[in-house]
Amino acid sequence: MEFFVDENDRVDGIAKVTGKAKFFAEYEVPGLTYGVLVTSTVTKGKITAIDSKAASNAPGVLAVVSHLNKPSVAGYEQEGGSPMKIFYTDQIFYNGQPLAIVVADTFERATYAATLVQVSYAKEDFNTDFEKSISDSTVKKLQGQTPYKRGIEDAYKTAEVQLEQKYHLPVETHNPMELHGIIADWRPNDQVTVYAKTQGVKATQNTIANVFKIPVDKVQVNSEFVGGAFGMALRTWPLEIATIIASKHLAKPVKLVITRDQMFTMVGNRPASYQKIGIGATKDGKLTGITHTAFGQSATYENFTEGVVNMSKFMYQCENVNTNYYVIPLDMGVPIWMRGPGEATGAFALESAIDEMAHALDMDPLEFRIKNDPEIDQVQKRPFSSKYIKEAYKLGADKIGWNERKNKPGSIVDGAWQIGYGVSVGVFGAGRGRATVKGILKADGSLVLQSAASDIGPGTGTGMTLIASKLMNIPVGKITFELGDSSLPPAPSQGGSATLSTVGSAVNDVCVALKATIVELAANANMDATANFVDVLKKNNLAMIEKTIQSSQNNPEAKNYSMYSFSIHFVQVRVHQLTGVVKVSKIVSVGDAGTIVSPKTARSQMVGGAVGGIGMALTEEALLDHRYGRYINNNFADYHVPVHADVPEIDVIFINKPDLIVNPMGAKGMGEIALIGFSAAVANAVFNATGKRIRTLPITPDKVLEA
Amino acid sequence: MSELDPNAAGDTRRDFLKKSSLFTALTLTPLTVLKAADQKVDERFAEMFEKIPLNLKVNNKPYTLKVEPRVTLLDLLREQLHLTGTKKGCDHGQCGACTVHVNGQRVNSCLSLAVMNEGKSITTIEGLAKGDVLHPMQAAFIKHDGFQCGYCTPGQIMSAVACIKEGHANSKDEIREYMSGNICRCGAYPNIIDAIQEVKEKGTAL
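Those protein sequences? They're chains A and B, same order as listed.
When you number the first sequence by numbering that gives the first Met the number 0, it's gap-free, plus one each residue, and the end is 706.
When you number the second sequence by numbering that gives the first Met the number 0, it's gap-free, plus one each residue, and the end is 205.
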């Protein structure tokens, strides 16, 4: 399709706006059959019987596969252990757990037949109540992270000014727009091809090879386009293994697409959490102690931990800090990292508490943060590789009109609405992993780059293409970046804001190597070292040259620095005095994320993080009915993610200064910082507007009215 | 429940065939009926009795089909016609990813049974561009980066075109209101609004 693509437009933009981009469920596989899951209607216990006679006899049904008749799965033959071994257990660990898969020749027939499967249970008592479990000494709590202490423990208790507060976050669900699932095609020669929704084709490939004990090269994973994931596709879920088992059992390709309500139970969530923060300062506003204790929800059958208390250890200059983090295993589906993961949870508590302390000191919260900005990372006792946070504070404050803000809450009123301003900080490790990229430079002037990387939406191909374009001086339109295919050179999963840094470094290294080869070839042909690579290849009678390079994980200097990306979120809110409705009316997000490689997609990522932050702050909460252990708002009508009408204009500012310690591009990751801290900025703005401090997310009108 | 009720508890069509007096009336011996059941003749009957003729146009192409009445327009497009540009996000009319135009109006195709569209003209995302020339809304979405993962995008674009045609794109706030049935979890909303506003202001015929 002929269309002028701007240098900064997404390389897959045309595919996405024309419907040509193929997501996992859209591949045409000959002889495809359809799977539908039968799920547990009880929360804990044992399956005593599965009556699948009626389902098996229903029209078009090919099989009902469960623990009673599954084919052998070599990696599951040994009993017990984690993760959950689907179809190898009669145990019910949570409500909505997949128990059987019904496969039929059409989706409608499989859906109907699944309703005919009758499961009998021996029910047991269960516990899904996180809030109640916190104070219940009979409920087991596990240490989630090694306790941390520097200086004096609980030093805040002797501070001139001290406060102690508790913060609650509910279960949030990722809910990408694309439903989860897989197409599995197990062939009689024990070769399996899957079309998956995954953040890591290599990780999926390895998991499948391990579970079925087949060689890795017998597993082909395809996942070119992924319809959002936000962390939920960072592992291979039991439902995916179930579909592969069904395909193996039937020797036919099987497609499973789960339902929206199943997206709440079987593909993880941001776990509920409870946090206590004690914070102490001198009267003139120097922090003297921070104590952060957190509890997160986990599952009985698999454990899950994340970095809830990390940020409290180093974000502010403070001699005395101690943290502790526990998890509470409940009879619920296991959580998984959700955008910003634990750091976003922790940032809500810490950044709310910092705002509360600034208020207690009668200081501007921005001034209080600047006063306590650390020169070095006090945990590792080394400098930051780059940190332009003071500059970021200033740019953001100017843009939002921070000088309009009054430090006294409830000062600005516009008719029925109170107006307030809030700020918060986000931080996340600027990690870099190891990836391999193959580059093929052709005499027709084109460059093909290949790596088994993923793109769940941020624009991996676009970023990589721009890196190569700049280095090779080749127009974007002549460069192709191939990803989402497990047979390509290995790359890690897309998570933890590390793709651009990790895969981008390998692209950088491949381009450098290709250029060096061209210089050698030019010399061989008595050409100038600056000669165009097309001429050099032609002169050498070469159609192409290839290089495959694994990037080193870090530059040698990196060990002397702490590497983080930072964000500052400024928001203006309007709070309706009669109804308690909160509207976010202005947003300025500033990213300190090193060089911005791809300005257009980077901006979109920051915008997307702010939108996710609006949901986290104001509307998102997966509610359980603890009598049954079931979610009661497991759909988009009742679980409110932000819609167009919830989102104002969003200004994004980048510091855009290179951090060459992290990687050769000077770019730090930004997927997580786009969201981390945002919810606290909203809570702080609500306080500034109304004088009401809401410490339990989401900030719904009832809480505002009751406060 | 009568013997003829195929939905009688625990019965399947095959059981039904085995018992059916209808078949006796058709002068088949019980043995033949059993044999028919074993040979899945019921599937062939199902083909005859359970599928309904359907004529409709999709992207100006006429289709003559036979579909089960329980098949949604969305599943017909995706699973039978292989027009997978239209997306399934919730199957409950709550997300807008499946938005198509039916006789020019935006419709959640997951809430429309295929057989309800007899004689109607459906436009999907695949039918929006004129050959190699993108529709102005498609071009504007690329220019303003009105997406990240791209999954809600076809629905957003179909809805956006209708939003302007309906006369509901006179201000950013009005666009926000009338586009709120289309969820974007990546959060590209401000960019989508910019794209729609630009197309509206250019006044190009849609």
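Positions of the beta carbon are idealized from the N, C-alpha and C atoms, including for glycine.
Source: prediction; values computed, not measured.
Would you report the Cα separation of residue i and residue j, rounded to the nearest angstrom?
{"i": "Phe22(B)", "j": "Ala113(A)", "result": "Bear in mind that the predicted position of Phe22(B) carries a pLDDT of just 44, short of 50, making it too unreliable to give a figure here."}
{"i": "Thr299(A)", "j": "Glu305(A)", "result": "16 Å"}
{"i": "Val646(A)", "j": "Gly456(A)", "result": "19 Å"}
{"i": "Ser55(A)", "j": "Ile257(A)", "result": "20 Å"}
{"i": "Leu27(B)", "j": "Gly88(B)", "result": "Note that Leu27(B) scores 49 on pLDDT, short of 50, meaning its location in the model is unreliable and no value can be drawn from it."}
{"i": "Lys140(A)", "j": "Phe294(A)", "result": "8 Å"}
{"i": "Ala48(A)", "j": "Lys122(A)", "result": "13 Å"}
{"i": "Ile473(A)", "j": "Lys201(A)", "result": "29 Å"}
{"i": "Gln196(B)", "j": "Lys171(B)", "result": "7 Å"}
{"i": "Thr464(A)", "j": "Asn205(A)", "result": "27 Å"}
{"i": "Ser585(A)", "j": "Ile399(A)", "result": "Checking the displayed sequence, the identity of residue 585(A) turns out to be Lys instead of Ser. Each residue's alpha carbon lies about 7 Å from the other."}
{"i": "Ser410(A)", "j": "Thr689(A)", "result": "8 Å"}
{"i": "Asn559(A)", "j": "Arg381(A)", "result": "6 Å"}
{"i": "Pro5(B)", "j": "Glu49(B)", "result": "For Pro5(B), the pLDDT reaches just 40, beneath the cut-off of 50, and the residue's location in the model is therefore unreliable, although a value from the coordinates is still provided. Approximately 12 Å, taken between the alpha carbons."}
{"i": "Thr157(A)", "j": "Gly150(A)", "result": "13 Å"}
{"i": "Tyr188(B)", "j": "Ser51(A)", "result": "46 Å"}
Would you call the CB atoms of residue i and residue j closer than 8 Å?
{"i": "Glu301(A)", "j": "Ser81(A)", "result": "yes"}
{"i": "Pro700(A)", "j": "Gly593(A)", "result": "no"}
{"i": "His639(A)", "j": "Glu671(A)", "result": "no"}
{"i": "Val583(A)", "j": "Val572(A)", "result": "yes"}
{"i": "Lys165(A)", "j": "Tyr273(A)", "result": "yes"}
{"i": "Lys599(A)", "j": "Asn209(A)", "result": "no"}
{"i": "Leu446(A)", "j": "Ile466(A)", "result": "no"}
{"i": "Gly227(A)", "j": "Glu171(A)", "result": "no"}
{"i": "Val16(A)", "j": "Thr152(B)", "result": "yes"}
{"i": "Asn632(A)", "j": "Ala621(A)", "result": "yes"}
{"i": "Arg77(B)", "j": "Met157(B)", "result": "no"}
{"i": "Leu440(A)", "j": "Trp336(A)", "result": "no"}
{"i": "Arg9(A)", "j": "Asp144(B)", "result": "yes"}
{"i": "Lys45(A)", "j": "Ile100(A)", "result": "no"}
{"i": "Ser39(A)", "j": "Gly95(A)", "result": "yes"}
How far does the alpha helix (DSSP H) with residue i in it extend, from its first residue to its last?
{"i": "Arg783(A)", "result": "Because chain A is modelled from 0 through 706, residue 783(A) falls outside the range shown and cannot be assessed."}
{"i": "Thr206(A)", "result": "Val200 to Phe211"}
{"i": "Gln552(A)", "result": "That residue, Gln552(A), is in no alpha helix (DSSP H); it is neither H nor E in DSSP."}
{"i": "Tyr177(B)", "result": "Lys171 to Tyr177"}
{"i": "His248(A)", "result": "Pro237 to Leu249"}
{"i": "Glu705(A)", "result": "Pro700 to Glu705"}
{"i": "Asn683(A)", "result": "Phe677 to Thr689"}
{"i": "Phe129(A)", "result": "Phe129 to Ile133"}
{"i": "Ser707(A)", "result": "Nothing can be reported for residue 707(A), as the shown portion of chain A is limited to 0 through 706."}
Looking at the unbroken beta strand (DSSP E) that takes in residue i, where does it start and where does it end?
{"i": "His291(A)", "result": "Leu286 to Ala298"}
{"i": "Ala204(B)", "result": "Note, Ala204(B): premise wrong, no beta strand (DSSP E); not H, not E."}
{"i": "Leu349(A)", "result": "Unbroken run through Leu349(A) is the alpha helix (DSSP H), Pro340 to Ala359; no beta strand (DSSP E)."}
{"i": "Ile418(A)", "result": "Trp416 to Gly428"}
{"i": "Lys275(A)", "result": "Ser272 to Ala280"}
{"i": "Gly80(A)", "result": "It is not in any beta strand (DSSP E) - Gly80(A) carries neither H nor E in the DSSP assignment."}
{"i": "Pro328(A)", "result": "Val320 to Leu329"}
{"i": "Asn54(B)", "result": "Ile51 to Val57"}
{"i": "Gly438(A)", "result": "Thr435 to Lys441"}
{"i": "Ile182(A)", "result": "Gly180 to Arg186"}
{"i": "Lys65(B)", "result": "Lys60 to Val66"}
{"i": "Ile567(A)", "result": "Tyr563 to His575"}
Report the CB separation of residue i from residue j in whole angstroms; it is logged as a contact under 8 Å.
{"i": "Phe367(A)", "j": "Ile353(A)", "result": "7 Å"}
{"i": "Gly590(A)", "j": "Ile654(A)", "result": "7 Å"}
{"i": "Asn107(B)", "j": "Lys119(B)", "result": "That pair is no contact at about 15 Å."}
{"i": "Arg108(A)", "j": "Val60(A)", "result": "7 Å"}
{"i": "Cys94(B)", "j": "Thr85(B)", "result": "Not a contact, Cβ separation roughly 12 Å."}
{"i": "Pro451(A)", "j": "Tyr563(A)", "result": "A small fix is needed here, since residue 451(A) is Ala in this sequence, not Pro. No, Ala451(A) and Tyr563(A) are not in contact; Cβ-Cβ is about 27 Å, not under 8 Å."}
{"i": "Leu36(A)", "j": "Gln190(A)", "result": "Rounded, the Cβ-Cβ distance is 25 Å, inconsistent with contact."}
{"i": "Asn268(A)", "j": "Thr290(A)", "result": "In fact, because the Cβ distance is near 27 Å, the residues do not count as touching under 8 Å."}
{"i": "Asp658(A)", "j": "Gly665(A)", "result": "5 Å"}
Checklist entry - Unbroken beta strand (DSSP E) runs of length 3 or more, entirely within the region 95 to 124 of chain A: which are they? => result As far as the region 95 to 124 of chain A is concerned, its whole beta strand (DSSP E) runs of at least 3 residues are 97 to 103 and 117 to 122.
Item to check | Any beta strand (DSSP E) of 3 or more consecutive residues that is wholly inside the region 470 to 543 of chain A | outcome: Correct list: 478 to 481.
Checklist entry - Hey, which unbroken runs of the beta strand (DSSP E) at 3 residues or more fall wholly within the region 121 to 153 of chain B? => result none
Checklist entry - What runs of the beta strand (DSSP E), each 3 residues or longer, lie entirely inside the region 592 to 658 of chain A? => result 649 to 653
Checklist entry - What runs of the alpha helix (DSSP H), each 4 residues or longer, lie entirely inside the region 366 to 413 of chain A? => result 388 to 399
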